[in-house]
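Q: The following block contains the structure, expressed as structure tokens.
Number of protein chains: 2
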Amino acid sequence: MPDTKAIVLLSGGLDSSTALYWALDRKKWDCHCLLFSYGQRHDRELTSAVRLARRRKCPYRVVTMRLPWGGSELLKTKRALPSRSLHTIGNTSIPSTYVPARNTIFLSYALSWADVLQCRNIVMGVNALDYSGYPDCRPAYCRAMQAVARQGTRMGAEQRRPIRLWTPLIRMTKAQIIRLGISLKVPYEDTWSCYAGRRIPCGKCDSCRLREKGFSEIGRADPLIPRSS
Amino acid sequence: MPDTKAIVLLSGGLDSSTALYWALDRKKWDCHCLLFSYGQRHDRELTSAVRLARRRKCPYRVVTMRLPWGGSELLKTKRALPSRSLHTIGNTSIPSTYVPARNTIFLSYALSWADVLQCRNIVMGVNALDYSGYPDCRPAYCRAMQAVARQGTRMGAEQRRPIRLWTPLIRMTKAQIIRLGISLKVPYEDTWSCYAGRRIPCGKCDSCRLREKGFSEIGRADPLIPRSS
């Protein structure tokens, strides 16, 4: 069977949208997008994800799930989101927006779908440079999940066709990711990064700050932010 | 913090029930049971799991989830369950009752809960001797998930207190598991193994056949099966 399919974890944010365009345009894969509605504050990101999948004519699935134990300020709660300086982000302890084991849960569903689709590639837009400091975004974590893909699936165990986990952005800065995305014509005006889940980006959460840093480093305006005239 | 808590994956079947009693009675852990309603044919097993958790006064959570892609005859479907001889079970290809990446999904939720509970132990009743041949029950798979527990959680990454995955039954035969369970006073009449999901065990599915083999090897009657008088 030709190695043409990929499952792309698509949140609708800047990184995963760039990863989708990389998989479609650089790898020429037939991409299937996997979206999660997990009680995130910013479920507005799902609208962006669906719009991107449709624009590129990719089949997609939305998994609806809840963590009964909560444990994150990124989940819908009455508590305020933390606002941190760029200097702090990624350099201190794991922030309160960490969703416990989120990427392991997302990847486990992706492995399940991959086994059914007979798909050998899973693409994830994780990044370990300009990032919030979540443990499940680092290269050592991704290597561990790669071993699980090999050992814990029908594709890996029986068919000797291990599923490969691709993380094309993992060692890029946010500026490099945006440069790549611009070259691939990612419609960043249709992506959504802000954690706050309001109509316009808050400009204060980690995700807004990292996005702003990236655009500012390459001297471009973020097409999502209305310009003051 | 003392190392007293454990999360036990509890299906209500023979293996996971024995693993729960092992954790409570051998390890003296304060056990939290994790149950899954995933569209299994035999959701009757959940009644057994809840009864066991309550009997041992363990807090429990039920995660409700669905795999939108199906992909298993163990999920509710109109297709019949396969009926195989004992000789075939575990010795041929992965059977159609394999639920794609099920244990990875279950363990990823367990890791999430462990990070919230600050719990260092996860117990799972997987078994790689008298088993159906699922890839995600083998020692190499469990080692891979152990690495994920270390790399992908707050407990592992920040607190240097890796979560340990315990699989006490992995190298036991079904007869050895039942002997252990009897010594721990596991109420096997309250467990449920049959895949078919009817009122009484079908006696024909892999799970019934393996259970019957275990009891017969130690010369005991299965207390779940009504005796013909």
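If you're matching them up, the sequences are chains A and B in order.
For the first sequence, my numbering gives the first residue as 4, with consecutive numbering after it.
For the second sequence, my numbering gives the first residue as 4, with consecutive numbering after it.
Cβ coordinates follow ideal geometry from the N, Cα and C atoms, glycine included.
These figures come from a predicted structure and were not determined experimentally.
1. Under a three-way DSSP split, which group does ARG47/B fall into?
2. Do ILE180/B and LEU187/B have their CB atoms nearer than 7 Å?
3. Let's see if you can read the secondary structure: which residues bound the alpha helix (DSSP H) around VAL119/A?
4. Is the CB-CB distance between SER115/B and PRO103/A below 7 Å?
5. Does the beta carbon of ASP225/A come closer than 7 Å to any beta carbon on chain B?
6. Name the DSSP beta bridge partners of THR67/B, please?
7. Do ASN106/A and ASP133/A have their C-beta atoms within less than 7 Å of each other?
8. Looking at C-alpha atoms only, which residue of GLY42/B, TRP72/B, LEU84/B and GLY73/B is the closest neighbour of VAL65/B?
9. Between which two residues does the beta strand (DSSP E) containing VAL126/A stretch?
10. For GLY3/A versus ALA22/A, is the C-beta spacing smaller than 7 Å?
11. When you compare the CB of SER14/B with every CB in chain A, is at least one pair closer than 7 Å?
12. Output, in sequence order along the chain, the residues in the stretch 107 to 133 of chain B whose CB is closer than 7 Å to any CB in chain A.
13. Nearest to ALA199/A by CA position, among HIS35/A, GLN154/A and ARG82/A, is which residue?
14. Among LEU77/A, ARG59/A and LYS31/A, which one has its Cα closest to the Cα of ALA9/A?
15. If we ignore side chains and look at the alpha-carbon of each, how far apart do ALA150/A and ALA147/B end up?
16. Whose Cβ in chain C lies nearer than 9 Å to the Cβ of ALA26/B?
17. Quick check on this structure: which residue in THR156/B, ALA131/B, SER135/B and GLY155/B has the alpha carbon closest to the alpha carbon of TYR144/B?
18. Closer than 7 Å, CB to CB, is ASP139/A near chain B or not?
19. Of the residues that make up the stretch 83 to 99 of chain A, which ones have a beta carbon closer than 9 Å to any beta carbon in chain B?
20. Could you name the residues that DSSP lists as bridge partners for TRP169/B?
21. Can you find the residues in the same chain that come closer than 8 Å, C-beta to C-beta, to SER135/A, ignoring five residues on each side of it along the sequence?
22. By DSSP's criteria, VAL11/A is part of a beta bridge. Which residues make up the other side?
23. Among LEU13/A, VAL11/A and ASP18/A, which residue has its Cα nearest to the Cα of ARG174/A?
24. Determine the direct distance from the alpha carbon of PHE109/A to that of GLU76/B, and round the result to whole angstroms.
A: A quick look at the data gives this:
1. helix
2. no
3. 105 to 120
4. yes
5. no
6. SER40/B
7. no
8. GLY42/B
9. 124 to 126
10. The requested residue 3/A does not occur in the structure, where chain A is confined to residues 4 to 232.
11. no
12. THR107, ILE108, SER111, TYR112, LEU114, SER115, TRP116, ASP118 and VAL119
13. ARG82/A
14. LYS31/A
15. 6 Å
16. In the structure shown, chain C cannot be found, because the protein chains are A and B.
17. ALA131/B
18. yes
19. SER96 and ILE97
20. VAL126/B
21. ILE92, GLY93, PRO98, THR100, TYR101, ASP209, SER210 and LEU213
22. CYS36/A and VAL126/A
23. ASP18/A
24. 23 Å
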